[in-house]
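Below is one structure, written out as structure tokens; comments come after it.
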């Protein structure tokens with residue numbers, strides 16, 4: 380659960396598709412400097428915790444954010460996430476038709 384954040388990371392077509400949502404871009408932005416829980420991100424962005432949790436799980440499953448810490452506070456498990464990088468680079472290959480739908 381260690382996060383070695385890079386300045387820039389190259390991403391796949393599938394990962395680039397995950398970043399096609401404005402909400403997910405905002406979530407990544409909230410997780411660049413400091414690890415946070417989905418509830419903290421929701422509060423910061425003024426969004427519902429359920430919606431943010433869903434998008435955080437998609438970003439985590441897609442390998443764009445890391446789970447960096449798990450704390451148990453009063454019987455409640457808090458998971459802290461952090462972005463893998465400040466910048467994500469997708470090098471588009473015109474021969475790759477997988478991103479055309």
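In the working numbering, the protein residues as written are 380 to 480. By construction, the Cβ of each residue, glycine as well, lies at the ideal position given by its N, Cα and C atoms.
- Nearest in C-alpha terms to residue 390, of all of 442, 460, 454, is 442.
- Of 415, 453, 462, 451, the smallest CA-CA separation from residue 445 is found for 462.
- Under the three-pair Cβ rule at 8 Å, the segment 421-437 does not count as touching the segment 445-457.
- Remark: C-beta atoms of residue 459 and residue 401 do not approach each other more closely than 8 Å.
- Going by beta carbons, residue 467 and residue 411 fall outside the 8 Å limit.
- The alpha-carbon separation between residue 404 and residue 440 amounts to approximately 15 Å.
- Counting only runs of at least 4 residues, the segment 390-430 fully encloses the following alpha helix (DSSP H) elements, listed from N- to C-terminal order: 392-397, 401-409, 417-424.
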